[in-house]
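Per the numbering used here, the sequence shown runs over residues 586 to 861.
Glycine residues also receive a C-beta, built at the ideal position from the N, C-alpha and C atoms.
Here the structure is laid out as structure tokens; the discussion comes afterwards.
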Amino acid sequence: MASRKDRKRGFRELLAVRPGSTVDLATFDAGATFGRAKEDAETDLANVLARLADLQGRLWAEAKHPVLVVVQGIDAAGKDGTIRVIAGAFNPQGTPVTSFKVPSPVELAHDYLWRVHAHVPGKGEIGIFNRSHYEDVLVVRVHELAPEERWRKRYAHIRDFERMLTDEGVTIVKIFLAIDPDEQRERFQERVDDPAKRWKFSFGDLEERKRWGDYRKAFEEMLEETSTEYAPWYVVPANRNWLRNLAVGEILADTLDGLEPAYPPAAEGVEGTKVE
Ligand code: AMP
Ligand code: MG
């Protein structure tokens with residue numbers, strides 16, 4: 586039961602993975618609502634998107650802080666939908682979205698962070714990663730694309746990489762969208778049944794679904810190993826799109842608020858100038 590206290594605590598506090606804690610996704614309630622009501626969701630989301638729009642406008646004008654948002658989750662967890670809704674609040678010029686697919690031969694010829702580093706946002710930008718360097722401890726682990734002795738060292742590389750980025754001024758927010766296996770089945774079925782969604786369906790997804798347990802283990806360890814004070818993971822219950830959108834929007838808006846982005850001061854003499 587969600588308490589009144591939950592309602593007040595804010596999603597950042599409720600959903601952050603505390604460094605050093607253990608994560609159990611098998612018992613995680615992906616349908617949780619934390620006392621929020623669906624009837625209020627439309628208004629709540631409109632409010633949070635308005636906050637995001639204002640904050641991004643300031644961040645962009647100030648051109649001081651890069652912000653990196655990493656979105657991970659199993660197939661059909663809602664990565665694309667979340668990004669569509671959240672990025673919809675922003676000026677596209679300041680919001681590069683990068684989707685990381687199966688690495689190309691050129692990418693595979695380099696270390697796994699090579700292709701990622703090039704897309705880290707610059708000052709004033711909010712860069713969104715749809716999948717990320719975390720694939721290199723997820724799909725790579727589950728499919729044994731690299732031996733364990735190789736991928737296991739990557740948790741430390743990733744912590745150090747993200748430490749370097751934050752030391753250099755990047756703000757990092759990592760969102761893990763958690764759905765349960767029933768919800769995934771329904772979403773895959775929907776992809777089969779709805780002609781407008783059929784393009785998204787692949788038989789490969791069904792093969793991946795058989796490895797749910799392996800992915801769960803990989804996600805849990807990723808969250809445990811790489812949630813840090815400087816680059817925290819948030820585990821967002823994502824069975825309900827409305828709650829998911831609200832939670833991600835609020836986490837991001839509260840993070841941006843913390844940067845106190847401000848419009849740069851006008852040049853000397855601008856104030857009061859009459860334009861003829
Ligand atoms: P989608 O997000 O549906 O467009 O699919 C992208 C696919 O690329 C997924 O199946 C990912 O697992 C895969 N992918 C992303 N990064 C990597 C990587 N580093 N190694 C192998 N496969 C990857
Ligand atoms: Mg897919």
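Notebook entry, point to check: Excluding the five sequence neighbours on either side, which residues of its own chain have a C-beta within less than 7 Å of the C-beta of GLY834, listed in chain order?
Noted result: LEU630, VAL633, LEU634, LEU637 and ILE671
Helix, strand or coil, according to DSSP, for TYR819 in the structure here? Strand.
Is it the case that the CB of ASP721 approaches a heavy atom of the ligand HEM more closely than 7 Å?
-> This structure simply doesn't include the ligand HEM; it includes the ligand AMP and the ligand MG instead.
task: Count the CB pairs spanning the segment 641-655 and the segment 703-718 that are closer than 8 Å, and state whether there are at least three.
output: At 8 Å Cβ cutoff, the stretches touch.
Look at the Cβ atom of ASP842, then the Cβ atom of LEU640, and state whether they are nearer than 8 Å. yes
Helix, strand or coil at THR607 [DSSP, three-state] = coil
**Asked** Sorry if obvious, but does the Cβ on SER689 come closer than 7 Å to a heavy atom of the ligand AMP?
**Response** no
Checklist entry - How about VAL725: is its Cβ closer than 7 Å to a heavy atom in the ligand AMP? => result Relative to the non-hydrogen atoms of the ligand AMP, the Cβ of VAL725 comes within a distance shorter than 7 Å of at least one.
At the level of alpha carbons, what is the spacing between GLU624 and GLU747? 38 Å
| message | Within a Cβ cutoff of 8 Å, which residues of the same chain sit near ARG700, ignoring the five residues on either side of it in sequence? | response | PHE685, PRO688 and GLU692
Spell out the partners DSSP gives ASN715 in its beta bridges.
-> VAL656 and SER684
On the three-state DSSP scale, how would you describe VAL860? coil
Does the Cβ-Cβ distance between TYR740 and GLU810 come in under 8 Å?
yes
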